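Enquirer:
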Amino acid sequence: MRLDKFFSELGILSRKETQAAARAGMITVNGNVVKDPARHVDPDADAVTLRGERVCYRKFTYVMLNKPAGYISATEDGNLPVVTSLLPEQLQRMGLFPCGRLDRDTVGLMILMNDGVLSHRLLSPRHHAKKVYFFRCEARLDESDVSAFREGMKLDGEPLKSAVLSPDKGGLSGTVTLTEGKYHQIKRMFLQRGNKITYLKRVSFGGLSLDPTLAEGEWRYLSDDEIAILTANE
Ligand code: URA
4 MRLDKFFSEL
14 GILSRKETQA
24 AARAGMITVN
34 GNVVKDPARH
44 VDPDADAVTL
54 RGERVCYRKF
64 TYVMLNKPAG
74 YISATEDGNL
84 PVVTSLLPEQ
94 LQRMGLFPCG
104 RLDRDTVGLM
114 ILMNDGVLSH
124 RLLSPRHHAK
134 KVYFFRCEAR
144 LDESDVSAFR
154 EGMKLDGEPL
164 KSAVLSPDKG
174 GLSGTVTLTE
184 GKYHQIKRMF
194 LQRGNKITYL
204 KRVSFGGLSL
214 DPTLAEGEWR
224 YLSDDEIAIL
234 TANE
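Counting in the numbering used here, the sequence shown runs from 4 upward without gaps.
(1) Buried or exposed: where does residue 55 fall if 16 or more other Cβ atoms within 10 Å of its Cβ makes it buried?
(2) In terms of DSSP beta bridges, what is residue 169 paired with?
(3) How about residue 213 and residue 205: do their beta carbons lie closer than 9 Å?
(4) According to DSSP, what are the bridge partners of residue 51?
(5) Among 22, 197, 65 and 9, which one has its Cα closest to the Cα of residue 47?
(6) Cβ of residue 213 versus every heavy atom of ligand 1: is any distance shorter than 8 Å?
(7) Under a criterion of Cβ closer than 5 Å to any non-hydrogen atom of ligand 1, which residues qualify, in chain order?
(8) Return the residue from the list 61, 28, 186 and 23 that minimises the CA-CA distance to residue 227.
(9) Thinking C-alpha only, which one of 69, 173, 196 and 163 is nearest residue 180?
(10) So which of 231, 233, 152 and 224 has the shortest CA-CA distance to residue 69?
(11) Less than 8 Å between the CB atoms is what I'm expecting for residue 64 and residue 30, so what's the real figure, rounded?
(12) Starting from residue 208, trace the beta strand (DSSP E) in both directions and tell me its first and last residue.
(13) Quick one: what's got a C-beta closer than 7 Å to residue 230's C-beta in the same chain, skipping five residues either side?
(14) What are the start and end residues of each continuous alpha helix (DSSP H) run of 4 or more residues lying completely inside the segment 52 to 138, in chain order?
(15) Take residue 90 as the anchor and find which of 232, 172 and 222 has the nearest alpha-carbon.
(16) Excluding five sequence neighbours on each side, which residues of the same chain lie with their C-beta closer than 6 Å to the C-beta of residue 76?
(17) Do residue 174 and residue 153 have their CB atoms nearer than 9 Å?
(18) State the start and end residues of the unbroken alpha helix (DSSP H) segment that holds residue 223.
(19) With distances taken between CB atoms, is the gap from residue 176 to residue 124 smaller than 9 Å?
(20) According to DSSP, is residue 245 part of a helix, a strand, or is it coil?
(21) Whose C-beta lies closer than 7 Å to the C-beta of residue 201 among residues of the same chain, with five residues either side of it excluded?
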């Protein structure tokens, strides 16, 4: 594979940027500076570095985004801003899509990827990845809410899986853990309990926690360890 393709497929540099970086002597292959962006590399065998850092090739790209309110969980929409518009053009061109949905006003951890098989597995009803949300609500929660969530409520006549509601001390905030993802699920569960969600943030998905250094609207690549955690979900 050509060096410029190697970098552009990873979403790290465009072809033009690879050309500039190569000319500036910032790229090495197996320890030798390579100034020709058309030079062929074997992604599995050759050691490529950019500005002194090793760059490993992988087929798919995975990122973590701290979703702000006001964005919808889609790749395109006629009217409203979509989460993928928060990524650089380079990544948007690589076909990244959100793995699962958050409501427009929900914030927090969103994983975007172009690995359809893994995304499908993480969201399929059989394997559905565990998701943890921090919430604030209008009315004070008590033990009866905790047991209702645990024993399984119904939405649209369908039984829900057992969910873990863990209120904080004052009972007006806490976390909910779900292993499924029905439309507006948490908001509707609270409404059924005569309560109302006023703030909702996803803090964990499939064993990954939201990076606390990411401000709302910021993203970063998943590390190899984080990708391994996601793929280990069964
Ligand atoms: N439950 C909701 O009600 N909204 C979300 O965005 C996620 C879970």
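We treat Cβ as the ideally placed atom computed from N, Cα and C, and that holds for glycine.
None of the values given here were measured: they were computed from a predicted structure.
Expert: Reading off the structure:
(1) exposed
(2) 178
(3) yes
(4) 32 and 58
(5) 9
(6) no
(7) 105, 106, 109, 187, 188, 189 and 190
(8) 61
(9) 163
(10) 224
(11) Contact doesn't hold; Cβ gap of about 20 Å is too wide.
(12) 200 to 208
(13) 65
(14) 92 to 96 and 119 to 126
(15) 222
(16) 86, 101, 104 and 105
(17) no
(18) First-last for residue 223: 222 to 224, but that is the beta strand (DSSP E), not the alpha helix (DSSP H).
(19) no
(20) Residue 245 falls outside the range modelled here, since the chain spans only 4 to 237, and no answer is possible.
(21) 139, 140 and 141
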